[in-house]
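Residue numbers (numbering that gives the first Met the number 0), protein chains in the order written: chain X, 0 to 109; chain R, 0 to 266. One structure below.
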Amino acid sequence: MSTELVLLALLMAAVTYPSRALPMLAPGIERLPPRMLLYLRLVGPAVLASIAATETLVRADETGAYHVVLGVEIIGVVLCAAIVAWRRNLFLGLVAGVGVVAALRAVGVG
Amino acid sequence: MTASAAPTLDLRAARRQLLLDTAGIAVSAVGFGFVFGLAARGAGYSPIEAAAMSVFAFAGAAQFAAVGYVAAGLPWLPIVVLTFFLNARHLLYSASLAPRLREVPLARRALMAHVLTDEAFALAATHFHRVGRVDVPGYWIGAVLGVFIPWNLATLAGVLLGGAIVDPSAFGLDLVFPAAMAGLAVGLATGRREVVAAGAGAGIGVVLSVLLGPSVGIVAGGLIGPAIGMVMPDPGTHVWPESDLTGLPVDLDAAVDDVAHLGEDGL
Numbered sequence: 000m001s002t003e004l005v006l007l008a009l010l011m012a013a014v015t016y017p018s019r020a021l022p023m024l025a026p027g028i029e030r031l032p033p034r035m036l037l038y039l040r041l042v043g044p045a046v047l048a049s050i051a052a053t054e055t056l057v058r059a060d061e062t063g064a065y066h067v068v069l070g071v072e073i074i075g076v077v078l079c080a081a082i083v084a085w086r087r088n089l090f091l092g093l094v095a096g097v098g099v100v101a102a103l104r105a106v107g108v109g
Numbered sequence: 000m001t002a003s004a005a006p007t008l009d010l011r012a013a014r015r016q017l018l019l020d021t022a023g024i025a026v027s028a029v030g031f032g033f034v035f036g037l038a039a040r041g042a043g044y045s046p047i048e049a050a051a052m053s054v055f056a057f058a059g060a061a062q063f064a065a066v067g068y069v070a071a072g073l074p075w076l077p078i079v080v081l082t083f084f085l086n087a088r089h090l091l092y093s094a095s096l097a098p099r100l101r102e103v104p105l106a107r108r109a110l111m112a113h114v115l116t117d118e119a120f121a122l123a124a125t126h127f128h129r130v131g132r133v134d135v136p137g138y139w140i141g142a143v144l145g146v147f148i149p150w151n152l153a154t155l156a157g158v159l160l161g162g163a164i165v166d167p168s169a170f171g172l173d174l175v176f177p178a179a180m181a182g183l184a185v186g187l188a189t190g191r192r193e194v195v196a197a198g199a200g201a202g203i204g205v206v207l208s209v210l211l212g213p214s215v216g217i218v219a220g221g222l223i224g225p226a227i228g229m230v231m232p233d234p235g236t237h238v239w240p241e242s243d244l245t246g247l248p249v250d251l252d253a254a255v256d257d258v259a260h261l262g263e264d265g266l
């Protein structure tokens, strides 16, 4: 059984723990400039949207070159995002998005 | 979120309410932990590796992001960089709780920090507000019973049971990861600046991924997008963002306000 990614998990923990612990262990250290706090606040939506768009739209061909590909997956991802925006329920969005794509694939679309 | 304004409850009654709140969070954590386990299995994680992610990193969005990177065979450096930025918001939660925990022994605070998530913060802040003071056992109830244990058990269930599914893509399970990322982004897009940052991040991510590869594109989108969002005027209205472990609302604005007003209200 592979254990290589345990090291990655520890590295991820090493860069996460300071954000969780430093203000608790050394109060006052969190007093960052307001612009920095705003930037940190905006990183979350930007990173997640960047990942979602790239994972959905960008594919590598046989030569290793990357292209934009419009597949049936877009429908599921957009549906999930729309349901989250509407109902504020991520789990419901995931079930709907995955279900629609599974149904489309079952009838030979995508 | 000041203690002085809190309608205080009897500790026993407050803990009963906390347990009810915790049960709701736990159910949601089980659902997402299971989905993470399935996604990790699909990306080639062994059960030990998936469990290590949930025990040590213990951060939903970052764990999902790592699944995508590992599946694509990308280097670890972008994963670690994104993890740092994705989880930097915990600084605000920790700063919000820190003044209330000054009397707690250092070693215990160090442990409390590891299980500080969106949900743990939301449950603890609400509970402390109800009782009008710090209740350390209440913190553990929310953070460990509500999130850490359910998330980890569900991760194991997902990664172990996922092997029984012969063709995950036939069930659309390959879509779980990008759809979860999109949904979480929408949940965090609580104002104009966040929406612009997300849109810019997505556009930059796709263009640079085509030109330079996803390892560059995704990181660039995540780091340049916020800079573009910052130039937008702030309309001053926000709705609550959602947690990255359960998708439930978490009052990040309150945490930001708490940090901004530390020292002004005697916390």
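We put the CB at the ideal spot given by N, CA and C, even for glycine.
Residue i - DSSP class collapsed to helix/strand/coil
i	result
R58 (chain X)	strand
Y44 (chain R)	coil
A179 (chain R)	helix
M11 (chain X)	helix
M0 (chain X)	coil
A25 (chain X)	coil
D9 (chain R)	coil
L73 (chain R)	coil
F57 (chain R)	coil
R88 (chain R)	coil
P44 (chain X)	helix
I148 (chain R)	helix
V114 (chain R)	coil
G92 (chain X)	helix
Nonlocal neighbours in the same chain, by C-beta distance under 8 Å from residue i, ignoring five residues either side
i	result
A64 (chain R)	I78, L81, T82, L85 and M180
V100 (chain X)	V71, E72, I74, G75 and G109
I227 (chain R)	V195, A196 and A199
G216 (chain R)	I203, G204, V205, V206, L207, S208, V209 and L210
Assigned exposure category for residue i - 16 Cβ within 10 Å defines buried
i	result
W150 (chain R)	buried
V158 (chain R)	buried
V68 (chain X)	exposed
D233 (chain R)	exposed
V106 (chain X)	exposed
V97 (chain X)	buried
A84 (chain X)	exposed
D264 (chain R)	With a pLDDT of 40 at D264 (chain R), under the threshold of 50, the modelled position of that residue is not reliable, and no figure is offered here.
G30 (chain R)	buried
Start and end residues, beta strand (DSSP E) containing residue i
i	result
V67 (chain X)	Y65 to V67
Short CB-CB distance (under 8 Å) between residue i and chain R
i	result
T55 (chain X)	yes
V108 (chain X)	no
E61 (chain X)	no
R86 (chain X)	no
L69 (chain X)	no
Boundaries of the alpha helix (DSSP H) in which residue i is found, first to last residue
i	result
I227 (chain R)	P213 to M229
D173 (chain R)	Counting along the chain, D173 (chain R) falls outside any alpha helix (DSSP H), and DSSP gives it neither H nor E.
D117 (chain R)	D117 to V130
A142 (chain R)	Element bounds for A142 (chain R): n/a, residue is neither H nor E.
E72 (chain X)	E72 to R86
Close-in-space but distant-in-sequence residues of the same chain around residue i (CB under 6 Å, 5 per side omitted)
i	result
I47 (chain R)	none
G32 (chain R)	W150, A153 and T154
M52 (chain R)	Q62
G161 (chain R)	L37 and R40
Any C-beta of chain X under 8 Å from that of residue i
i	result
Y138 (chain R)	no
S214 (chain R)	no
F84 (chain R)	yes
G32 (chain R)	no
I148 (chain R)	no
V185 (chain R)	yes
H126 (chain R)	no
Beta-carbon proximity list for residue i, same chain, < 7 Å, skipping 5 on both sides
i	result
L17 (chain R)	L122, H126, G137, I140 and G141
V54 (chain R)	N151
F170 (chain R)	I164
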